[in-house]
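Okay, so the sequence shown: first residue is 4 according to the numbering used here, each after it adds one.
For glycine and all other residues, C-beta sits at the position ideal for the given N, C-alpha and C.
Note that the structure is predicted; figures quoted are calculated from it, not measured.
Below is one structure, written out as structure tokens; the observations come after it.
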Amino acid sequence: MKFPAKAALLAAVGVCLLPPFLTCAQPGGKVIIGPENPQAFQLQTATPGQAEMEVVPAPGRAFKQMIRLRTLSKIQRSADVRLQAAVPGALRAGDTLLARFHLRASEGATPAAQVEISFQPGTSRFSHPLNMPATAGSDWALIQFPFSVLRNYREGEAQLAFAAGFGQQAIEIGGVELINYGSSVRPVDLPITPTQYGGMEPDAAWRRGAEERIEKFRKGTLTVRVVDKDGKPVEAAEVAVSMRRHAFGFGSAVGVETFMGTRPGISPEDVSRYREHITRLYNKAVLENALKWPQWADESRRPAALETVRWLREAGLDVRGHVLVWPSWRWSSVKAALAAKDQPAELARVILNHIASITDSLRGQLTEWDVINEPYSNHDFMDILGNRSMVDWFHAARRTDPRAKLYINDYGILTSRNTAHHDHYARTIRYLLDEGAPLEGIGMQGHFGPRLTPLDDVLKMLDRFAAFGQAIQITEFDIDTVDERAQGAYTRDFMTAVFSHPAVEGFMMWGFWERSHWKPNGAMFRADWSAKPNAEAYQDLVLNRWWTREKGRTDARGSYSVRGFLGKYAVEVRAAGQTRTAEVSLEREGSQLTVVM
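Set out below in structure tokens:
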């Protein structure tokens, strides 16, 4: 085939020029799973009879055979019906792979086909290198997802899988390929099927309202008045207003092992960069795991946690506490034998003693505490002690640390459509407030997968919980996806939406570096510290668009006014060969500063 000059250039950099019903190999890759052997995929179901699979001819396609899959009964979970194939050969940490396949709904059987492709196992049970949804109609769709593996895989250890348990459907999958590019390219350099989400359009209606609210709720007017020693106004004095710190909390989880340099494989240079990123990007932090009950119960680990808190505070960051009670046997140091022996009084005592111990050790050092974490899924203690025990936990925290703001925290509120979960959280908050618990904040975690909540729905959910009259924080934000472009765009849009909401007081990421992140795809910085699009989006908002730096001259009344984002400022005034500096906090209702020259 002869290409025009422009087309030849596109082909040279890996842009597919063939129609979507054909495949287009990228240069330099090694095919480790090819389209010629769909029989390599085996059907697995949670219970017999949930689905049936057959390999059939694919007339008119570039691939000769395809998989036809039909789910036959009600499915509880997407992973209850799976197609799975072993990945031949070994893989090395840092290898870039491209998974590609064709998908469609079987003609006349199903309006849409829905699957979730994954690469397993991952770096932990929480994280997989690839876990992405794909949908198609009755026409064939080419789906492509590039990704990296962060550890070595032995021959046959890795698996490529399609989860298809999305209700009753009849689908066809063909041309499945897994291509290994080694370390010659990055995932961002390969083609990808883009992620879509509600409200991503540049002219989406929610954007105008958000910008108006940001102007109203996140900014104030700072007036600098310059006078001489006799109190007379100084006209034409040069005034420079420079923001030093946001009033709004922008923060991240900090891994103590990474921070202290005790995490395996972390170099002193990495530790230095990790600490520099913390102080440059954030004004707030939370220890990722070190203040959870099992970690705190290990007394040998406490000094590192306390040292990290001390360093963060001396660096000028606020520190929040996570978490006093994660009310289950699994996430506590309470032995389940207490339940078996029917000792509710002893269980209550152990929990209250833990709260007293940790809050006393950190009294006055933390701005807030998550008193209860994830009560919808973790309720072992309430099942034994009753809901009133939650009220007791809040009062216990208040007694020992009266200055810390007390929060409840849960997942899935902004990231899922589970209305039962949403309603349970609302009922729990209402109960705590009605019973007099000193609850002062509502945490919403924000762990997103590749399915991204429409921005209008995010704002509606914030409105619902703002009705309780308590502060809201996004406490654990990340997006676990291989689509870095969508990740960056949604980070920008989600942050804009929550920053615009008057009830929200903080936005906390759950880590920022790939090598110190529970879900490495969710990080802002790659293993080599290069910035991903979500890092660029975050920095553009927090350190640029939402950061005030202005200069001007005083008028005839000796005044210079600027509309700026709320927070702490340094002000420099020059007049008649003299320079004066001062600091001021800009409040929402406005602030005034008088400088005498």
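- Beyond the five residues adjoining it in sequence on each side, T138 comes within less than 7 Å, by CB distance, of A115, A116, Q117 in the same chain, given in chain order.
- Under DSSP, T99 shares a beta bridge with S151.
- Its chain contains V259, L290, A293, L294 as the residues whose beta carbon lies nearer than 7 Å to that of A308, once the 5 sequence neighbours on both sides are disregarded; these appear in chain order.
- Inclusion of N286 and H249 in the CB contact set at 8 Å is warranted, their separation being smaller than that value.
- Here N356 is exposed, its C-beta having fewer than 16 other C-beta atoms within 10 Å.
- If you draw a straight line from the Cα of F129 to the Cα of G561, it is about 59 Å long.
- The residue from E487, Y200, Q162, R433 with its alpha-carbon nearest to that of P523 is E487.
- Apart from sequence neighbours up to five positions away, the residues of its chain that approach S594 with a beta-carbon distance below 7 Å are G223, L225, V587, S588, ordered along the chain.
- The DSSP-derived three-state label of Q42 is helix.
- Between D373 and L327, the beta carbon gap of about 7 Å places them in contact (Cβ cut-off 8 Å).
- 8 Å or more divides the Cβ of F251 from the Cβ of G449.
- Where L86 is concerned, the enclosing beta strand (DSSP E) starts and stops at 84 to 89.
- Looking at the DSSP output, I445 bridges to I411, I475.
- The three-state reading of DSSP puts R157 in coil, since its state is none of H, G, I, E or B.
- Distance from the CA atom of V501 to the CA atom of F253, rounded to whole angstroms, is 12 Å.
- Here F528 carries a strand assignment [DSSP, helix/strand/coil].
- One thing to note: R157 has its Cβ no nearer than 8 Å to the Cβ of P505.
- A direct Cα-Cα distance of roughly 21 Å separates R85 from S141.
- The three-state secondary structure of A49, taken from DSSP, is coil.
- Taking the Cβ atoms as the reference, Y493 lies roughly 26 Å from Y184, outside the contact range of under 8 Å.
- Non-local beta-carbon contacts of T597 in its own chain, meaning distances under 7 Å to residues more than five positions away in sequence, involve R228, V230 in chain order.
- In this structure, M393 sits near A440, with a CB-CB distance shorter than 8 Å.
- By the C-beta density criterion, E214 is exposed, having fewer than 16 other C-beta atoms within 10 angstroms.
- Membership of M203 in any alpha helix (DSSP H) is not indicated, and neither H nor E is assigned to it by DSSP.
- F397: member of the alpha helix (DSSP H) spanning 391 to 403, first to last residue.
- Closest option to A300, judged by alpha-carbon separation, among W334, E238, G37, T196: W334.
- An exposed status is given to R366, since fewer than 16 other beta-carbon atoms sit within 10 Å of its beta-carbon.
- R333 sits in coil when the DSSP states are folded into three classes, being neither helix nor strand.
- With a minimum length of 4 residues, the unbroken runs of alpha helix (DSSP H) contained wholly in the region 259 to 295 fall at 259 to 263, 271 to 284.
- Nearest to G514 by alpha-carbon distance, out of I475, V244, Y277, W550, is Y277.
- For P62, there is no enclosing alpha helix (DSSP H), since its DSSP letter is neither H nor E.
- DSSP, read as helix, strand or coil, puts W143 in coil.
- Its chain contains M56, E57, V58, V59, S109, A173, I174, E175 as the residues whose beta carbon lies nearer than 8 Å to that of R71, once the 5 sequence neighbours on both sides are disregarded; these appear in chain order.
- S255 is bridged by DSSP to A288, M512.
- Inside the region 556 to 586, DSSP marks whole beta strand (DSSP E) runs of 3 or more residues at positions 562 to 568, 570 to 578, from first to last along the chain.
- Membership of Q117 in the beta strand (DSSP E) is indicated by the continuous run 116 to 123.
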